[in-house]
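To get our numbering, take the position in the sequence shown, counting from 1, and add 71. Backbone N, C-alpha and C define an ideal beta-carbon position, used for all residues, glycine too.
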Amino acid sequence: EYINLRDFGLGPRKQVDDMPYGGGDGMVLMIEPASRAIEYAKQKSPEARVILPTPRGKLYKQSDAKRLAKDNKDLIIFCPRYEGYDERITDLVDEQICIGNYILTGGELPAMTIIDSAVRLLPGVLGGETSAEKESFQDDDKTIEHPQYTRPEEFNGKKVPNVLLSGHHAEIKKWQKEQSAK
72 EYINLRDFGL GPRKQVDDMP YGGGDGMVLM IEPASRAIEY AKQKSPEARV
122 ILPTPRGKLY KQSDAKRLAK DNKDLIIFCP RYEGYDERIT DLVDEQICIG
172 NYILTGGELP AMTIIDSAVR LLPGVLGGET SAEKESFQDD DKTIEHPQYT
222 RPEEFNGKKV PNVLLSGHHA EIKKWQKEQS AK
């Protein structure tokens with residue numbers, strides 16, 4: 072469910088941001104609307120985990136996606152915008168997550184990244200139940216899955232490696248392991 076922060080804004084204009092104390096560029100999300108919105112969401116799902124996407128959070132990894140999927144709890148992801156947010160908002164969340172060393176215009180894309188990476192690990196989401204177990208970044212190692220090929224066998228002079236066409240399962244597994252980049 073999407074909750075509009077402006078529904079919890081202050082005054083007739085439903086204000087959710089203001090100038091930062093101490094000066095500086097941009098506007099900062101205010102604590103009061105944030106607190107009201109999070110409290111509203113928690114009333115609907117008291118056991119939900121509250122996540123704040125932020126550059127100051129812990130770097131999000133595959134193990135975090137696995138943990139969130141395994142926890143089987145609802146997620147409330149508070150998506151900041153503008154120049155930033157009142158630091159006191161961090162007291163309202165269970166976890167701060169960073170999806171990489173770059174800045175986006177808001178927390179919506181990190182929220183979608185977190186949701187997609189965890190939901191795809193839930194039973195029945197992917198076609199094969201073991202599909203997710205054989206992918207890149209399992210157990211947070213830096214292993215990248217081997218290259219994949221499908222029909223046709225040749226395209227614009229580029230051929231599928233012969234070993235993949237051989238039918239020799241042990242050799243195919245060996246090739247796949249060798250091709251997995253660390």
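Next item on the list: Quick one: residues in its chain with C-beta nearer than 8 Å to the C-beta of leucine 175, no 5 flanking neighbours on either side, listed in chain order?
Entry: As a first step, residue 175 must be located in the sequence shown, where it is residue number 104. By the criterion of a C-beta distance shorter than 8 Å, leucine 175 is surrounded in its chain by Pro181, once the five residues flanking it on both sides are discounted.
Notebook entry, point to check: In terms of alpha-carbon separation, which member of Leu81, Met183, Ser106 and Ile215 lies closest to alanine 252?
Noted result: In the sequence shown, residue 252 corresponds to position 181, counting from 1. Among Leu81, Met183, Ser106 and Ile215, the Cα nearest to that of alanine 252 belongs to Ile215.
Margin query: Below 8 Å on the Cβ atoms is my contact criterion, and I expect valine 231 with glutamate 242 to pass it. Report the Cβ-Cβ distance as a whole number of Å.
Written below: Position 160 of the sequence shown holds residue 231. Position 171 of the sequence shown holds residue 242. Not confirmed; about 14 Å, so no contact.
Notebook entry, point to check: Of the residues Ile102, Glu72 and Leu193, which one's Cα is nearest the Cα of lysine 137?
Noted result: In the sequence shown, the residue the question calls residue 137 occupies position 66. For lysine 137, the nearest C-alpha among the options comes from Leu193.
Notebook entry, point to check: Whose C-alpha, out of Pro124, Gln247, Ile109 and Leu163, is nearest the C-alpha of glycine 178?
Noted result: Taking the first residue of the sequence shown as 1, we reach residue 178 at position 107. Nearest to glycine 178 by C-alpha distance, out of Pro124, Gln247, Ile109 and Leu163, is Pro124.
Check: Along the chain, where does the beta strand (DSSP E) that runs through valine 121 open and close?
Finding: Taking the first residue of the sequence shown as 1, we reach residue 121 at position 50. Unbroken beta strand (DSSP E) run through valine 121: 120-130.
Notebook entry, point to check: Based on the DSSP output, what are the partners of glycine 155 in its beta bridges?
Noted result: Position 84 of the sequence shown, counting from 1, holds the residue named residue 155. Residue pairing for glycine 155: DSSP places it in a beta bridge opposite Val99.
Next item on the list: Would you please state the rounded distance, in angstroms, between the beta carbons of leucine 163 and isoleucine 109? I believe it to be under 8 Å.
Entry: On the sequence shown, residue 163 is found 92 positions in, with the first residue counted as 1. On the sequence shown, residue 109 is found 38 positions in, with the first residue counted as 1. Separation of the CB atoms of leucine 163 and isoleucine 109 is rounded to 5 Å, and the pair is thereby assigned contact status at 8 Å.
Margin query: Can you give me the C-alpha to C-alpha distance between glutamate 166 and phenylalanine 149, rounded to a whole angstrom?
Written below: Residue numbering aside, residue 166 sits at position 95 when the sequence shown is read from its first letter. Residue numbering aside, residue 149 sits at position 78 when the sequence shown is read from its first letter. Glutamate 166 and phenylalanine 149 have their alpha carbons spaced roughly 11 Å apart.
Next item on the list: Return the chain-ordered list of same chain residues with a C-beta closer than 7 Å to the C-beta of glutamine 247, the five sequence neighbours on each side being excluded.
Entry: Residue mapping note: residue 247 aligns to position 176 of the sequence shown, counting from 1. Same-chain partners within the cutoff: His217.
Next item on the list: Round the Cβ separation of tyrosine 131 and isoleucine 168 to the nearest angstrom and send it over; I've been treating them as touching at under 8 Å.
Entry: As a working mapping, residue 131 is identified with position 60 in the sequence shown. As a working mapping, residue 168 is identified with position 97 in the sequence shown. So it is a contact: roughly 5 Å between Cβ atoms.
Check: CA-CA distance, aspartate 96 and aspartate 88?
Finding: For this step, residue 96 is matched to residue 25 along the sequence shown. For this step, residue 88 is matched to residue 17 along the sequence shown. Taking the CA atoms as reference points, aspartate 96 sits about 13 Å from aspartate 88.
Checklist line | Sub-9 Å separation of tyrosine 153 and leucine 81 beta-carbons | finding: Walking along the sequence shown from the start, residue 153 turns up at place 82. Walking along the sequence shown from the start, residue 81 turns up at place 10. Not in contact: tyrosine 153 and leucine 81 (Cβ atoms no closer than 9 Å).
Item checked: Straight-line gap, aspartate 135 to glycine 195 (C-alpha atoms, nearest Å) -> Within the sequence shown, numbered from 1, the residue matching residue 135 stands at position 64. Within the sequence shown, numbered from 1, the residue matching residue 195 stands at position 124. Using only the alpha carbons, I get a separation of about 19 Å.
Notebook entry, point to check: What separation, rounded to the nearest whole angstrom, lies between the Cα atoms of histidine 240 and lysine 144?
Noted result: As a working note, residue 240 is residue 169 in the sequence shown. As a working note, residue 144 is residue 73 in the sequence shown. For histidine 240 and lysine 144, the distance between alpha carbons rounds to 40 Å.
Check: Looking at C-alpha atoms only, which residue of Glu103, Val190 and Ile170 is the closest neighbour of arginine 129?
Finding: For the purposes of this step, residue 129 is taken as the residue at position 58 of the sequence shown. Reading off the sequence shown, one finds lysine at residue 129, where the question assumed arginine. For the options Glu103, Val190 and Ile170, the alpha carbon positioned closest to that of lysine 129 is the one of Ile170.
Next item on the list: Quick one: grab the DSSP three-state call for isoleucine 74.
Entry: Indexing the sequence shown from 1 puts residue 74 at position 3. Correct three-state label for isoleucine 74: coil.
Check: How long is the line joining the alpha carbons of lysine 245 and glycine 238, rounded to whole angstroms?
Finding: Taking the first residue of the sequence shown as 1, we reach residue 245 at position 174. Taking the first residue of the sequence shown as 1, we reach residue 238 at position 167. Cα-Cα distance, rounded: 13 Å.
Notebook entry, point to check: Could you give the distance in angstroms between the alpha-carbon of leucine 146 and the alpha-carbon of glutamate 249?
Noted result: On the sequence shown, residue 146 is found 75 positions in, with the first residue counted as 1. On the sequence shown, residue 249 is found 178 positions in, with the first residue counted as 1. Linking leucine 146 to glutamate 249 through their CA atoms gives a straight-line distance of about 38 Å.
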